[in-house]
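Have a look at the structure below before the remarks.
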């Protein structure tokens, strides 16, 4: 399968991955033949692209970091927990479901230390907070595994990262979903969510202090320019430092009401540029080695005028994937493979997307 921006999706294409709606319901099953009415509905829901299957990509497999079913279960669990004005007994009941899901997520991820994240998320835009919470949880666990945290700390890190934005239940939706730049006063209200989340979780749930600190400190910055405490360096808890990087990366690559998400390669560049200032440099190195700048199924342009589809990524060699060449210049060619990790070091990826590959 290969990833195609929504504007290039046309009737008759075959869907490569199942799509879900706002409440976790199945919208379109894998292998569905796309109709124009489906595309219009998906645009309304905020889908920015789809995976499709065709002859040039039918043997390319995109494997999710956690199973599709588990991801939807996690999204439902955090969505249920983040309902406002709930009684303490209901919150306690919901966290038990969350903790059960967290155990499954940690178990799936920790079983593969060489995992490379091919994150090209398909999500409903109105459900951003919940998809974002799960993605931040997954990325945080990957860093935690690389740091060789024990299982108990991985569970605590996963809990903290999954709940990191729970304070947004106190932030008005008209601010969270505002389609343009926030005013200074509005941004001050948004900034309250980390402390609100800390107080909410500490007041309603009996959890380890490490969980509270990760929620409280996920907007602190390594150079002291963050909030709410303006602390810096190792004064920020390890959970706070990990979640900070995962939070910013996923926010960057996500579509928001006021801007389109950037490409994974651009998100990684931003994170790497913030190493030692905004973020802990040692953690930046770990995360940047675990995320594919060019996810499997992405169409890429090479510096030698070849165009192809990424078919495999390698740990610590994110910028050097294997690419199935489909076109040379403006002409289609018999497909063949280039492994940028092992050869062609004078050839680089210079961009993504090529209109001819989308047709």
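In this note's numbering, the protein residues as written are 242 to 600.
Just so it is clear, CB atoms sit at the ideal spot from N, CA and C, and this is done for glycine as well.
Local conformation of residue i per DSSP, three classes
i, result
"residue 256", "strand"
"residue 549", "strand"
"residue 493", "helix"
"residue 311", "helix"
"residue 442", "helix"
"residue 297", "coil"
"residue 468", "coil"
"residue 306", "coil"
"residue 358", "strand"
Cutoff 7 Å: residue i Cβ touching any chain B Cβ
i, result
"residue 557", "Here there is only one protein chain, and chain B is not present."
Through-space distance from residue j to residue i, alpha-carbon basis
i, j, result
"residue 265", "residue 587", "45 Å"
"residue 452", "residue 304", "30 Å"
"residue 261", "residue 361", "15 Å"
"residue 386", "residue 351", "6 Å"
"residue 245", "residue 529", "24 Å"
"residue 256", "residue 247", "12 Å"
"residue 416", "residue 484", "23 Å"
"residue 414", "residue 458", "23 Å"
"residue 318", "residue 335", "7 Å"
"residue 353", "residue 480", "21 Å"
"residue 497", "residue 381", "22 Å"
"residue 254", "residue 526", "39 Å"
"residue 502", "residue 327", "33 Å"
"residue 516", "residue 273", "43 Å"
"residue 269", "residue 282", "11 Å"
"residue 394", "residue 446", "18 Å"
"residue 436", "residue 286", "31 Å"
"residue 573", "residue 562", "21 Å"
"residue 333", "residue 403", "15 Å"
Same chain only: Cβ atoms within 7 Å of residue i, ignoring 5 sequence neighbours per side
i, result
"residue 252", "275, 276 and 277"
"residue 314", "342"
"residue 293", "242, 243, 245, 254, 255, 256 and 257"
"residue 474", "463"
Cut-off 6 Å between Cβ atoms - residues of its own chain near residue i, not counting five sequence neighbours on either side
i, result
"residue 521", "463 and 482"
"residue 434", "408, 409 and 412"
"residue 320", "371"
"residue 280", "250"
Cβ distance (whole Å) where residue i is taken to contact residue j below 8 Å
i, j, result
"residue 455", "residue 390", "Contact doesn't hold; Cβ gap of about 13 Å is too wide."
"residue 566", "residue 555", "Wrong, their Cβ atoms sit about 18 Å apart, outside the cutoff."
"residue 307", "residue 357", "Actually they are not in contact, since the Cβ atoms of residue 307 and residue 357 sit about 14 Å apart, beyond 8 Å."
"residue 375", "residue 316", "6 Å"
Range of the contiguous beta strand (DSSP E) that encloses residue i
i, result
"residue 580", "572-580"
"residue 249", "Taken as a continuous stretch (DSSP letters only), residue 249 belongs to no beta strand (DSSP E), as it is neither H nor E."
"residue 569", "563-569"
"residue 294", "290-294"
"residue 450", "Careful: residue 450 lies outside any beta strand (DSSP E), inside the alpha helix (DSSP H) at 450-458."
"residue 591", "590-593"
"residue 587", "No beta strand (DSSP E) holds residue 587; DSSP gives it neither H nor E."
Contact set for residue i: own chain, Cβ-Cβ below 8 Å, skip 5 residues either direction
i, result
"residue 550", "243, 297, 298, 301, 538, 539, 540, 541, 564, 565, 567 and 598"
"residue 593", "504, 506, 535, 539, 540, 541 and 542"
Enclosing alpha helix (DSSP H) for residue i [first to last residue]
i, result
"residue 267", "Unbroken run through residue 267 is the beta strand (DSSP E), 267-269; no alpha helix (DSSP H)."
"residue 384", "369-387"
"residue 524", "522-531"
"residue 347", "329-351"
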